[in-house]
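Below is one structure, written out as structure tokens, with a few remarks after it.
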Amino acid sequence: MARLGAMDDDDLYIGGKLTTTERTAVAAVVTAVLFRCQMERTAGRMKAQIRMRRRKVTQCTSLDGPVLDTAAICYAVIHVCCALGCGALPRATPRWWMKRRTGGAWEDLRECDDATEDYFRDKLRMSPRVFWEIAEALSSLLQRCVTFYREPLQPDQIVAYALYRWASGATYESNTCNFDIDRASSLVAVRDVTAALLTVYRDKIPWPAGVCKSVVLRAFDGKGFPNYHGCINCTHIYIDKPTNAPGKDYYDRKRRFSIIAQVIVDLDLRALDVFASYPGSCHNVRIIHLFSLWARAEAGKLFTGPPVMLPFGVQMNDYLLGHNGYYRRNG
């Protein structure tokens with residue numbers, strides 16, 4: 001028996017090595033068994049999920065009120081997330097918790113996400129809708145020809161730079177890099193946008209007349225100011241030191257170089273008249289005497305309403321409100 005066992009061991013030892021074909025067959029069989037086990041395990045999980053889903057649906061139908069398929073809602077959420085991840089559905093960029101830096105102010109304005117409104121108001125002091133209306137109105141006057149050397153600036157970029165320059169008050173050297181333009185192009189852009197605005201929006205700052213005047217006077221009368229047209233005041237627009245003009249004439253009381261702009265606004269802060277031509281050293285009274293409004297009032301074209309009695313026993317015709325730098329003139 002021991003010999004037989006020894007012989008069997010020898011035989012097994014001699015025949016224990018498997019050929020390549022046999023090893024491949026064994027590996028295929030093991031793989032098939034594992035795949036079958038995995039399929040059965042997956043099928044069991046799916047059956048358990050289906051039973052759980054049916055149980056949830058049964059619980060929802062037993063309750064009062066609308067029937068909600070919780071499992072279906074979960075599957076719908078999963079499908080939507082998969083669609084968003086694959087790019088099948090558009091996904092809005094989350095709001096920024098810090099300002100992005102994409103390459104300058106112009107690149108920031110070109111981004112379209114839920115922070116675009118804030119960027120336009122922060123950089124241009126206006127909404128995107130107003131900006132695109134202005135850009136569309138001025139585009140025909142700001143078109144540039146394509147040259148052999150470089151691609152010209154687009155009208156919307158030119159308008160955006162001019163508005164950014166006026167809104168920020170920064171110098172040409174500091175804000176040209178934000179729009180990827182040089183200083184010479186920035187000077188030309190501001191001049192062209194100014195001329196285009198004066199051409200397209202020439203009648204956007206009218207003095208109220210007719211029905212519009214009646215509406216303004218009635219609105220101010222309801223506030224306790226009869227025959228009142230609006231407020232008048234001066235503001236200083238700061239500039240660089242002029243090179244070919246006496247610097248002391250532009251030197252204002254705040255020790256800065258500026259140009260005075262005199263503005264009249266109504267109850268809705270809408271500009272009724274603007275006058276900006278004189279250096280910062282001029283006084284408000286001198287500016288109003290040089291204002292075209294003064295000449296029209298002297299000619300009897302403005303402030304022709306009947307006299308009314310104001311509080312404190314003051315009798316006035318149509319009038320404007322201003323600080324004590326403007327003296328009172330009757331008639």
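Residue numbers are given in full-length UniProt numbering: position 303 of the sequence shown equals residue 303, and the series is strictly consecutive.
Yeah, the Cβ is synthetic: ideal placement off N, Cα and C, and Gly gets one too.
Computed from a predicted structure; not experimentally measured.
So is residue i buried or exposed if we call it buried at 16+ other beta carbons inside 10 Å?
{"i": "residue 186", "result": "buried"}
{"i": "residue 37", "result": "exposed"}
{"i": "residue 21", "result": "exposed"}
{"i": "residue 24", "result": "exposed"}
{"i": "residue 232", "result": "buried"}
{"i": "residue 372", "result": "The structure shown does not extend to residue 372, since the chain spans only 1 to 331, so no value can be given for it."}
{"i": "residue 237", "result": "exposed"}
{"i": "residue 246", "result": "exposed"}
{"i": "residue 307", "result": "exposed"}
{"i": "residue 335", "result": "Nothing about residue 335 can be reported from this structure: the residues present for the chain run from 1 to 331 only."}
{"i": "residue 50", "result": "exposed"}
Tell me the residue span of the beta strand (DSSP E) that contains residue i.
{"i": "residue 233", "result": "228–238"}
{"i": "residue 314", "result": "314–316"}
{"i": "residue 138", "result": "First-last for residue 138: 128–138, but that is the alpha helix (DSSP H), not the beta strand (DSSP E)."}
{"i": "residue 261", "result": "258–265"}
From which residue to which residue does the alpha helix (DSSP H) around residue i run?
{"i": "residue 220", "result": "211–222"}
{"i": "residue 157", "result": "155–168"}
{"i": "residue 279", "result": "Premise fails: residue 279 lies in the beta strand (DSSP E), 271–279, not in any alpha helix (DSSP H)."}
{"i": "residue 117", "result": "116–123"}
{"i": "residue 188", "result": "183–200"}
{"i": "residue 285", "result": "284–290"}
{"i": "residue 380", "result": "In the structure as shown, the chain begins at 1 and stops at 331. Residue 380 is therefore absent and cannot be evaluated."}
In this structure, how does DSSP classify residue i when only helix, strand and coil are distinguished?
{"i": "residue 297", "result": "helix"}
{"i": "residue 308", "result": "strand"}
{"i": "residue 319", "result": "strand"}
{"i": "residue 251", "result": "strand"}
{"i": "residue 334", "result": "The structure shown does not extend to residue 334, since the chain is modelled only from 1 to 331, so the question has no answer here."}
{"i": "residue 21", "result": "helix"}
Taking 7 Å as the threshold (C-beta atoms), are residue j and residue i in contact?
{"i": "residue 297", "j": "residue 291", "result": "no"}
{"i": "residue 179", "j": "residue 132", "result": "no"}
{"i": "residue 159", "j": "residue 193", "result": "yes"}
{"i": "residue 189", "j": "residue 162", "result": "yes"}
{"i": "residue 264", "j": "residue 280", "result": "no"}
{"i": "residue 262", "j": "residue 287", "result": "yes"}
{"i": "residue 271", "j": "residue 205", "result": "yes"}
{"i": "residue 209", "j": "residue 267", "result": "no"}
{"i": "residue 110", "j": "residue 167", "result": "no"}
{"i": "residue 227", "j": "residue 313", "result": "no"}
Any heavy atom of the ligand ATP within a distance shorter than 6 Å of the CB on residue i?
{"i": "residue 250", "result": "The ligand ATP is not among the ligands present in this structure, which contains no ligands whatsoever."}
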